Each structure stands twice: as C-alpha cells, then as structure tokens.
Amino acid sequence: MENFDQKDEQYTQEILHLAPFGIFKLDLAGNAYFISKTWEDIAGIGAKASFGKGWHSALFAEDIPAVNAAIAAVTEQKPAVAFRYRIKHAHHGVRFCSMELRLIRDDQGAGTYLVGYVQDVTEEHLAHEKLVETENRQRELNTYLASLIASIEDIVLEIDGHKRFRNVWAKDETPLFLPKELLIGKTVAEVFKSAEMLFSSPINDAIRTGETQEIEYKHIDPAIDKWYKAKITVVSNDPNPECQRLALTIQDITNRIKQEQALKQTKALLERTNQILESSQKLSNTGGWEFDVLTGEMFWTKQTKLIFEVADNDTEVINYQDILTLCDPGYDYIFDQHIRRSLERQEPHDFIFRIRDRKWLRSIGSPVVENNKVVKLRGATMDITEQMKATQELLEAKNKAEEAARAKTDFLSVMSHEIRTPLNGIIGISNLLKMNRFQDHQIYVDNLIFSADHLLQLINDILDLTKIDSDNVELVQNEVNLNELLQGITNQFNSLAESKGIDLISFIDPQIPEKIIADAVRLNQILNNLISNALKYTDTGEVTITLQALSCDEQQVAIRFTIKDTGIGIPKEYHETVFDSFKQVQQPASRRHSGTGLGLAITKKLVELHNSRITMESSIGKGTTFSFDITFELPQDDLLVDQSDVRSSVATYANKLGDLRVLLVEDNPINAMVAQKQLVYFGIVPDCAYDGIEALSLLKNNTYHIAFIDLHMPGMDGHALSEFVRKQYPATHIVISTADIMGDIRVKLSKIKTYDILNKPIVLEKLLIFLLKVAEQHNIIHMEATLDE
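All residue numbers for the sequence shown refer to the numbering used here, where the first residue is 1034 and numbers rise by one.
Set out below in structure tokens:
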C-alpha cells in the first residue's frame, strides 16, 4: 500500500511538471518542498535552490511581506487567496506573476499543506499599464483641450470635405451664427447663405493646396459692429471627402481692427497736425529742434533748416559743434554758455544770438530729464531779424523822441525861469508896496497884483499841463484843514462874486472830519479852476460848492465835491470836448471870456491823479454841475501841529526871526532886492551874494542857519553850490529858490540830497514855512509859544 502511494505521488508530480503554469507545494510554515519545472522557468532558479524559504530569493524584497500575509490568510481558514508579485529573473529581468494559494485538507478536514499556482502575466501587466497610461494621457489631453478652449476667445469648428460642420468648440457661443446643436450637421452654404463664398473659397483652396488659408471679415449682420479672422487648416486630407477633416478657427479681432482704425485716424490727424505745424512754423519763422545730449546729434525740422540756411536734403548728421560754427564771433560763446547752464541746472533757457553776420535768432528750450539726468533738450528757434530791426528802429525813434522831449523840457525850463523871474520882481515889489500901505496908491497896487497873479496863473496852467502830460506830477500829501482850505478859496472869489451880484455859497457836510491827509496845492487848484469857471460863465443867480460825506471811518473819508452854477450852460455838442486842452465853449469870433482853455483839462487830469473821474451835467440857460469823488486818509496823530495854523497870519512873525543867520544867493538884482525886503519883514538881515564864488567867500567867513540859493546862475550854478555846501557846511540848511518848476528839477536835486524848493514868485507864506522850520530846529523860536501869542 505504501509503494502504491509513492508511485501515485511520483505520477502526480510528473503530471504537475507538465502543467503550463508553475506549481509549488508549501508546508504550513511556507517552506517549499515541491517545485514544478514551469516554476523554475518562471522564477529563473532551480528546484533545490527554491526549497525551504529559498524561493523567496526570486522575489522583490518589497513584495515578500505581501506573500507572507497571503500564506497566513490561507492557513487561517480562507479557502484561497490570489495576489500578484514581482520576480527578479536572472535572464529576463523583472517579471510580473499572479499566484493563487489554496489550503489542502485531510479526510478529517485538517490543513496539511499549501498548493500555489503561478502564471507569468508580464505581457498582460505591461499591456494593462500601457492602456492605463494611454487612458490617462487621453484624459489629460481632453482636460488640456477643454482648458485651452476655455482660456481662449476663439471658436473652433471641425469641417469635413463636404463643408459640413462636424463639431464645435467655443468658450462663448454667442458669436456663433446658430446655436451649437443646430450648427452641427449643416453645411457652410446653409449657415452663411449669401456669404457662403466668403468661406467656401478659402476652404476649397486649403483642400486643394494643403496650406492654411486666412480671411478677415465684418460680421455678416451689418447692425453688429464686429470683426473676425477665420483660419482654415487641413487636419486630415483623406481622398474620401467624408473622411477629410479641416479646422476652422474664428477669432474676434474687433479690438485690433478698431485700434488699427484709430491708429490710422491718429496718423492722419498727426499728418494734418504736422502740416499745420509746418505752416505755422513757416508763417511765424519758427522751427523746432531736439538735441541728444548723449550722442551730440541735433534733429531739426524743415523750417529750422530754412532758418539756419542749411539744405533740407543734406544727409550729413547735424551736431552741436555745427551750430556753434554758424554763430557769429562772440555769439558762439553766448550760445554755448546758455545751453550748458540749461543742462547743469536742469532749467529752461531763452536767449538771443546772431548767425551769418545778419540774422538774429531766438532760442527757447527745456531739458528732458530721466533718472535725474538731462538726456535731451527740446525747443524752438525763431527768426527775429525783422523784429530786431523794428526794435532798433523803435529804439532810435524813442531816443529821438526823448531827445526832443528833453529839448522841450529844457526849453520850458528856461522859459519858466525867464518868464517867472521878472514876474517874481513884479509880484514881489507889488507885495512890498502893499505891505508899506501907501493908501493913495492902493487901487493901483491891487490892480498890479491882480494882473501879475493872473499872468502867473496862465503861465502855471501851461506848465502844469506839460508836467501832467509827461507824468511829472506827484501828489504831496500833508495834513490839511479842509474847512480853512475851502474858506480860503471862497475868500479869493468873494469880491468877484459881489461885483457880479452872484451868491457864492459853500457847504461842508458835518460828518466830514475837520482835518484830512491831502495835497493842498492840487486840491486847491482843482476847486479854484472849477469855481473860477463857474463865476466866469454865471451872470445871475448863484454858485454853490458842496462837500458831501459818502462814507467815513477812523481811517479814511470819501467826499463828493459838487460845484453848481446857474450860468449860461454848455451846449450838448460840446459835452465831449469840454475837458480837451485849449478848448472853450464859445467860438473865437464871439469870445467874451478870457483864458487859455486849459483849466478844465488840467482839472480833469488832476482829479484822475486822485484815482477818480470828474462828471458834468449841463443844459443851455440852466447852468452846469461838476462833481467828483475822492477818498482821503485821515491823520492818526492828534499831537501834530497843523502848519496851516502856523501860516495863518504872516504878520504874527513880523520882526520875530531876527536871530536867524541867512545867506541869500541870487544873481538877479531885482529878485535879490525883493527877497531881501521879504526877509527884513521878519526881522532878518541876510548876507547877499550875487553868484556862487561870492557865496563861497561868505560861507568861509560866516556861519549860517539857512541858505536860499538860486538854481540858475552863471558860473557856479545852484546845483554845484548846493552840493558843495551840503558836504562842507552840513549845518547850513539849503533851500533852492527857482523859477523853474519842471518836475525833473526835484529829481536832480534829490540826487544831491537837497529836497526843499521855494518856487518863484516867492510867496511870504511859503518863505515863512522854511524859516520857521529852521528856527525851531535851532530853538530860535517855538511854534507853540508863537501860536499862543
């Protein structure tokens, strides 16, 4: 029976050796005690090497734990376990195997050994891996294609050889001509209809040539402002049209087309602008330029080349040195210095230079700064030759005009001196006669003084107009008692008004402060002219002077002056010319009233000098009204002594100033005699000199408080003598006495620090002002004490 079992086992093993798969037997501990020949071929190791745990040597170390786990699972009553593992074949490398383990039991059901069935599934495994890899790759490609189509704005359509749409990919389907599901299966002709040839022609060309075709077109719906680019590419050019495949991609190029259109419009506009600029540059003789600091090259516009007289077709590069060589000697240095300063200081430049001995140019430019460094200069060059010629001619004309004006001024200065000098004698002697009060001759003296004053007024009018026209009149502001000023003016005209039977009425608004800051001389002149005119042209009725406060505060007062008469009135046709110089209402042939016709012209200019304007209302037979508004500052120091109080009565100071040492320098014997008598009236016995040399001799041997010096004298004139006295005898106060009342005299004297001027004819009140000023400085007389008397 035992022999039979052995034979049976041997027979079984021989059968197992012939099996197409590997078979091995393991005890319950996993030790091999039978290995089939097929297993040997699969594992690459022999049976003896495989017995026990030797078969593990053929396995990958990483797979052994899985094999052991499978053996353990079978021994734990699992019927069978299938798994895969890898073998390191000595000749074939890595092999993939599948194994199935089963537990063999005895008749009692107890496990006795394990049987393993092994197959080499390497080819199957590799094919499966390749399939998996292919599927994964396909999934990746599909994902990529989907992402790609989702990331672009293009539409991709698949077309066959019959021009039928087979597929559509689009992120946004709105640009499609039909919904996607309706588009597929339709032909190009069915979709595009009348526009079929737009697409069919390039599709046929692509099929015929195999080359990609492109077209650009506007949306087939004219109402839609969209542009597209279609590209037809052959994907599969199979002879069978059914199998042919073409890709039609449609790209929205609206933005590009509009940009191109905008660029085209911009280019056209730029071209037109350049043409306008070129025309403007040509008309204005101006050219543009750019200087590259890094390369030294210059870019010139066509007009710049014309200005510099450089040929427009000149191919040579213009550089900085070329410009310097074009400049005239000396102007190359000016040009270079201005450009260098502009570069160094990073600031614009503007200068004039000359080229070719005859052409004047003006360069204006600004630096272009990058990274705090000047890289370029840009600007313009203007041909200003004609302008320079005109300027030169204007300058020459100005010089001639100034020379003529100086000659006129000199003439008026001389005439003023020559005319007023004898007048000074006449008026001075008349006043001396009046002071001596020869009662029998009083009427003659009064008439003489009136005539002389009238002549002086006429001369002053002419000279005042000249000074005003040449802007030589400035307001001299002082504290003025307005009530006394107006009272003094009306007192002058009371006798004239009474002689004509006219009422002269004055009214001052109580709100107007008593004292203001004003130029008393000019305000007096304005009111004198207007009141004089009113009386002159009024035979019956009244002349009214009204001063009305328009506004008043602590700092200033605005006053409206109104002079109204009931005279003959001014015809309407003369209203526009009444303020013109040398104009009078009546015609010369019927002249009834004397005068130069300058009064109103001077008055108008003097009012304007006060930043105001004079207005007039007049009707024939009803009279005339003149009015003007002036704002005056108010005195801020209540302690100031009003000089008008000091000057109110010349007689107050008769024989009271005898302690003053006075030097009188006067070359005209009559004027010297008049001035000497006027000084004697105040108790002063002056030392008299008839020229500058004689005055120097007296100054050397005597000390004087004040010196009255005539301006125009032969030899050493008043200018030279005054300058000498100021330097050598600074304690002596200088007063210039002159019949020259031109404005530039005061300017010339101020240059030698001489500011006090006594105009001829000498008025006692004016003379007294200077005497009192010096007397108080030397404590010879006190104004307050004198006023108290």
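Quick reminder that beta carbons are idealized off the backbone N, C-alpha and C, glycines included. Here the structure is a predicted model, which means the values were calculated and not measured.
{"Asked": "Local conformation of L1672 per DSSP, three classes", "Found": "In this prediction, L1672 scores a pLDDT of 38, lower than 50, which makes its location untrustworthy; the coordinate-derived value is nonetheless stated afterwards. DSSP places L1672 in coil when its eight states are reduced to three."}
{"Asked": "Identified DSSP bridge partners for E1191", "Found": "N1200 and A1280"}
{"Asked": "Reduced DSSP secondary structure (H/G/I, E/B, other) of S1069", "Found": "coil"}
{"Asked": "Inter-residue Cα distance where the pair is T1685 and E1436", "Found": "49 Å"}
{"Asked": "Cα-Cα separation, K1637 to N1557", "Found": "14 Å"}
{"Asked": "Buried/exposed call for S1766, threshold 16 Cβ in 10 Å", "Found": "In the sequence on display, residue 1766 carries His and not Ser. H1766 comes out buried."}
{"Asked": "Which of helix, strand or coil DSSP assigns to Y1150", "Found": "strand"}
{"Asked": "L1427 and P1400 closer than 8 Å at C-beta", "Found": "no"}
{"Asked": "Sheet register partners of D1355 (DSSP bridge)", "Found": "Its beta-bridge partners do not exist; DSSP assigns none."}
{"Asked": "Nearest residue (CA-CA) to L1825, options T1595, W1072 and E1293", "Found": "Outside the displayed span of the chain (1034 to 1822) sits residue 1825, for which this structure offers no information."}
{"Asked": "Three-pair Cβ contact test at 8 Å for the region 1269-1283 versus the region 1303-1310", "Found": "no"}
{"Asked": "Cβ neighbour criterion (16 or more within 10 Å) applied to P1719", "Found": "buried"}
{"Asked": "Within 8 Å, strictly: CB atoms of Q1510 and D1552", "Found": "yes"}
{"Asked": "Rounded separation between R1624 and I1790 - CA only", "Found": "Note on R1624: pLDDT 41, under 50, position unreliable in the model; the coordinate value appears next. Near 39 Å, if we compare the C-alpha coordinates of I1790 and R1624."}
{"Asked": "Segment contact flag, the region 1728-1744 with the region 1757-1765, C-beta cutoff 8 Å, min 3 pairs", "Found": "yes"}
{"Asked": "Backbone CA spacing between D1572 and I1550 [nearest angstrom]", "Found": "36 Å"}
{"Asked": "Neighbourhood of L1390 by C-beta, 8 Å cutoff - its chain only, sequence neighbours within 5 removed", "Found": "The sequence given here has Asp at residue 1390, not Leu. Excluding sequence neighbours, D1390 sits near D1361."}
{"Asked": "Check whether T1418 and G1320 have beta carbons under 8 Å apart", "Found": "no"}
{"Asked": "Assumed close pair V1148, R1138 - CB separation to whole angstroms, cut-off 8 Å", "Found": "Not really, about 11 Å apart at Cβ, beyond 8 Å."}
{"Asked": "The region 1142-1160 contacting the region 1054-1074, beta-carbon criterion three pairs below 8 Å", "Found": "yes"}
{"Asked": "Range of the contiguous beta strand (DSSP E) that encloses R1135", "Found": "G1126 to R1138"}
{"Asked": "Span separating the alpha-carbon of I1795 from that of A1708", "Found": "8 Å"}
{"Asked": "Within the region 1499-1562, ranges of the alpha helix (DSSP H) (whole runs, at least 4 residues)", "Found": "1515-1533"}
{"Asked": "F1225 - partner residues in DSSP beta bridges", "Found": "The partner list for F1225 (beta bridge, DSSP) is empty, contrary to what the question assumes."}
{"Asked": "Neighbourhood of T1771 by C-beta, 6 Å cutoff - its chain only, sequence neighbours within 5 removed", "Found": "L1744"}
{"Asked": "Residues of its chain near T1328, where Cβ-Cβ distance is below 6 Å and the 5 sequence neighbours each way are ignored", "Found": "none"}
{"Asked": "Neighbourhood of N1688 by C-beta distance below 6 Å, restricted to the same chain and skipping five residues each side", "Found": "G1716"}
{"Asked": "Burial state of D1586 (16 or more Cβ within 10 Å)", "Found": "exposed"}
{"Asked": "6 Å CB neighbourhood of F1661 in its chain, flanking five on each side removed", "Found": "F1594, V1640, S1645 and I1647"}
{"Asked": "Sufficient close CB pairs (3 or more, under 8 Å) joining the region 1151-1165 to the region 1228-1248", "Found": "no"}
{"Asked": "The region 1748-1759 touching the region 1780-1788, judged by at least three CB pairs closer than 8 Å", "Found": "yes"}
{"Asked": "CA-to-CA distance, A1530 to K1605, given in whole angstroms", "Found": "27 Å"}
{"Asked": "Classification of Q1669 by the beta-carbon crowding that lies within 10 angstroms, buried from 16 upward", "Found": "exposed"}
{"Asked": "Straight-line gap, E1798 to F1540 (C-alpha atoms, nearest Å)", "Found": "27 Å"}
{"Asked": "Proximity of Q1525 and A1582 at Cβ, strictly below 8 Å", "Found": "no"}
{"Asked": "Whole-angstrom distance between I1578 and V1679, CA atom to CA atom", "Found": "Its pLDDT being 46, under 50, V1679 is placed unreliably in this model, and the value from its coordinates should be taken loosely. Spanning the two alpha carbons is a distance of roughly 26 Å."}
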